[in-house]
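S.K.: After the structure tokens below, expect a handful of questions from me.
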Amino acid sequence: MSSPVNNTNLVTAVNSGKTAESPQQVHATRLLVLLVIASNVLGNVCLSRGMQQVGRIVSASPFDYLRAFLNPWAVLGVCILVIWMLSDLALLSRADLSFVLPVTASAYVLVALGGHFLLHDHISWQRWTGIVLITGGVILAEETPARTTARRPEDWR
Amino acid sequence: MKWLLVGIIALANTLGDVLNTAGMKRQGEVDALGLGSWVGMIRKIFRNPYVLGGFAALAVSFFALLSLLSITTVSFAVPATAVSYLVETLLAKYILKEDVRWRRWAAASLVACGVVLLSF
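Note that the protein sequences, when read in sequence, are chains A and B. Sequential numbering of the first sequence, starting at 31, is according to our numbering. Sequential numbering of the second sequence, starting at 372, is according to our numbering.
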């Protein structure tokens, strides 16, 4: 039996230049998917709440938007969305865009279901259909390999 | 005004996602659990013209979204992204050279339809 360190090297060496993923790589990609979805949902919920308190802003000047940064919910939302942005970039470094897009769309489902069960929002049959369709899309995309493009030689480590 | 903002969001979002994906693939894979890997990623981003361009596009999309959210609810902002799911999948296949087969096409289509239905 090899030590964990040697084992990792072996796995990386075997996967060099191939699109096949080791269980560890799949695990890291899954973790990033979860982080992207969670930060997307939380960030947007906070920002939306903040913007509704701030009120109407339609302007071409970015300075008019600075007013929004006086609202604590908007500030919290923006901070969480920065985490979302970074984790999304980290995920895109490992996975295809055509994989990331449908899979992270489960954020919509979570927002809708969260609104229904926590805030008792009414969900019409059209919205339920939408929830089912998106969930189907997420499951279909999850069945494809996360990355289909070749890794660069520098990543072969 | 609402629909102009929706158009700006969809266009800028598509451009941003494609540029970011191209840039991040050139930058190398980020290890999800390694803090050093995240710090390295953030450092490299500032020297990566693709990701910087992607950020600029997403910033435009973000301010348009803020503006839209201030005059209407989140549900109105949602259809803006529906079309971009299909356009982005198309660009992922032909520009980013990803292996997009029926499962991913079906996934993108289901999500696009679902996103439209969710706005009702």
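Note that beta-carbon positions come from the ideal geometry of N, C-alpha and C, so glycine has one too. Since this is a predicted model, take the numbers as computed values, not measurements.
Determine, using beta carbons only, whether R157/A comes closer than 8 Å to chain B.
M.R.: yes
S.K.: Under 7 Å between beta-carbons, which chain B residues line up against G73/A? List them in chain order, please.
M.R.: Within 7 Å Cβ-Cβ: nothing; G73/A doesn't reach chain B, min ~11 Å.
S.K.: Relative to the alpha-carbon of L121/A, which residue among W155/A, I67/A, L62/A, L149/A has its alpha-carbon at the smallest distance?
M.R.: L62/A
S.K.: Taking CB distances under 8 Å as the criterion, tell me whether N384/B reaches chain A.
M.R.: no
S.K.: For the putative contact between Y456/B and L131/A, defined by C-beta atoms under 8 Å, what is the C-beta separation to the nearest angstrom?
M.R.: 6 Å
S.K.: Less than 8 Å between CB atoms is the rule here; does R474/B satisfy it with respect to chain A?
M.R.: yes
S.K.: Indicate whether at least one CB of chain B lies closer than 8 Å to the CB of P53/A.
M.R.: Closer than 8 Å: no.
S.K.: Given that L488/B touches chain A, what residues does it touch there, using C-beta distances under 7 Å?
M.R.: Q156, R157, T159, G160, L163
S.K.: Kindly indicate if chain A contains any beta-carbon less than 8 Å away from that of S432/B.
M.R.: Look at S432/B: its C-beta is not under 8 Å from any C-beta on chain A.
S.K.: Have a look at I110/A and R79/A and give me their C-alpha separation to the nearest angstrom.
M.R.: 14 Å
S.K.: Consider the Cβ of A68/A: report whether some Cβ of chain B lies at a distance smaller than 8 Å.
M.R.: no
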